[in-house]
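Taken in order, the sequence shown gives residues 14 to 281; the numbers are from the working numbering.
Ideal Cβ positions, reconstructed from N, Cα and C, are used throughout, including at glycine.
Single-structure report; data block below.
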Amino acid sequence: MINDPKLENDFNVLFLGDIIGRSGRECIENGLAPILQEHRIDFVIANGENAAGGFGINSKIAYHFLENGIDCITTGNHIWKNKDILEVLDKEKRILRPANYPAGSPGRGYSIYKRGNKKILVINLLGRLNLLEVDCPFQKANEILEAIDKNSFDISIVDFHAEVTSEKVAMGWFLDGRVSAVIGTHTHVQTADERILYNGTAYITDAGMTGSFNSVIGMEKESIINHFLTRMPKKFQVASGDEKINGVVVSISDQNKARAIYRINHLV
Ligand SMILES: [Fe+2]
Ligand SMILES: [Fe+2]
14 MINDPKLEND FNVLFLGDII GRSGRECIEN GLAPILQEHR IDFVIANGEN AAGGFGINSK
74 IAYHFLENGI DCITTGNHIW KNKDILEVLD KEKRILRPAN YPAGSPGRGY SIYKRGNKKI
134 LVINLLGRLN LLEVDCPFQK ANEILEAIDK NSFDISIVDF HAEVTSEKVA MGWFLDGRVS
194 AVIGTHTHVQ TADERILYNG TAYITDAGMT GSFNSVIGME KESIINHFLT RMPKKFQVAS
254 GDEKINGVVV SISDQNKARA IYRINHLV
């Protein structure tokens with residue numbers, strides 16, 4: 014059910030779409046707290062792969078998020094951009110990189126977190142269509158879910174960072190009934206297809222982005238248009254103005270079933 018009033022005992026997860034540069038960071042500083050209160054949020058996951066200058070994330074920004082309301086940071090194809098995050102990835106379990114990077118990559122692709130009496134498993138996966146030749150995200154999801162003791166978590170959320178809608182929809186059905194939610198990221202455009210799949214998994218193709226909407230997916234629009242016109246290499250800058258927080262809230266019942274998913278599209 015969409016936009017259902019939340020029940021008293023629901024566990025509410027807020028998932029924020031890719032946070033883009035300074036504009037996105039200001040959205041978190043100025044706009045996150047009221048959302049947490051209004052939607053009675055228990056746990057916050059945010060995709061931070063564009064948080065530093067529009068590409069990648071660094072340790073200073075990551076810890077700023079973790080100290081200001083975000084419980085787990087997922088990432089994507091820009092994870093390796095800033096070198097200083099590499100050391101942090103190995104020791105900080107609250108920052109994930111896609112699990113299906115080849116074995117031996119720094120960091121981890123999933124982890125379990127505790128909030129009150131709930132344990133939340135978060136898995137980060139990367140799509141392969143029009144993106145990167147990484148290990149198969151479907152096989153990796155299977156591998157992870159088979160390796161983890163089912164009693165070691167109550168709630169499970171997958172960030173599927175991918176470009177192509179068919180790959181994302183397929184992942185939703187593939188994991189239906191096995192995880193609480195499959196949430197897409199990477200395109201920076203929020204889709205309107207949020208729903209609960211037949212076996213109880215909440216799904217959306219893309220959560221959208223947190224940052225400036227006076228932009229082409231977060232970056233200054235003039236330089237992007239110019240790049241399309243001339244195909245000359247350009248340095249893209251993070252845009253400002255018309256800042257919004259995009260994401261979804263997933264409400265999970267006290268039987269650990271996804272009961273509702275609804276979109277957040279909040280002007281800051
Ligand atoms: Fe992104
Ligand atoms: Fe991405």
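Shown here, Glu21 sits in coil according to DSSP, grouped into three states, outside any helix or strand.
Looking only at His77, Lys94, Asp255, the smallest Cα-Cα distance to Ser228 is reached by Asp255. Contact annotation, Asp31 with Asn71: C-beta distance approximately 16 Å; criterion of less than 8 Å not satisfied. Taking a C-beta distance under 9 Å as the contact criterion, His279 and Lys257 qualify as a contact pair. Distances from the CB of Asp97 to the heavy atoms of ligand 1 are all 8 Å or more. Of the other Cβ atoms in all chains shown, 16 or more fall within 10 Å of the Cβ of Leu109; this residue is therefore buried.
Nearest in C-alpha terms to Tyr76, of all of Lys94, His91, Leu102, Trp93, is Leu102. A straight-line Cα-Cα distance of about 10 Å links Val251 and Ile230. By the neighbour-count criterion, in which a residue is buried when 16 or more other Cβ atoms sit within 10 angstroms of its Cβ, Tyr211 is exposed. Chain-ordered, the residues whose CB falls short of 5 Å from any heavy atom of ligand 2 come out as Gly89, Asn90, His199. Bounds of the beta strand (DSSP E) holding Thr87 are 85-87. Within the region 127-198, complete alpha helix (DSSP H) segments of at least 4 residues are found at 150-160, 178-187, given in chain order. Distances from the CB of Met232 to the heavy atoms of ligand 1 are all 8 Å or more. Annotation for Ser264: the continuous beta strand (DSSP E) segment containing it runs 256-265. Per the C-alpha coordinates, the member of Ile274, Gly69, Ile277 positioned closest to Asp97 is Gly69. At least one heavy atom of ligand 1 lies closer than 8 Å to the C-beta of Glu62. For His77, the CB stays at least 8 Å from every heavy atom of ligand 1. Minimum Cα-Cα distance from Glu176 among the listed residues Lys248, Arg191, Leu144 corresponds to Leu144.
In the displayed model, Ala273 falls within a strand according to three-state DSSP. If you draw a straight line from the Cα of Ile58 to the Cα of Val26, it comes to about 8 Å. Partner residues in the beta bridge of Leu280, as assigned by DSSP, are Lys257.
In the three-state reduction of the DSSP assignment, Gly213 falls in the coil class.
The three-state secondary structure of Tyr76, taken from DSSP, is helix. Taking a 10 Å sphere around the C-beta of Glu180, we find 16 or more other C-beta atoms and assign the residue as buried.
About 6 Å separates the beta carbon of Asn259 from that of Thr223, a gap short enough to meet the 8 Å contact definition.
Judged by DSSP secondary structure, Thr243 falls within the alpha helix (DSSP H) whose first and last residues are 234-243. Contact between Ile133 and Asn81 is ruled out by a C-beta separation of about 19 Å, above the 8 Å threshold. Taking all protein chains shown into account, Ile209 has 16 or more neighbouring C-beta atoms within 10 Å of its C-beta and is therefore buried.
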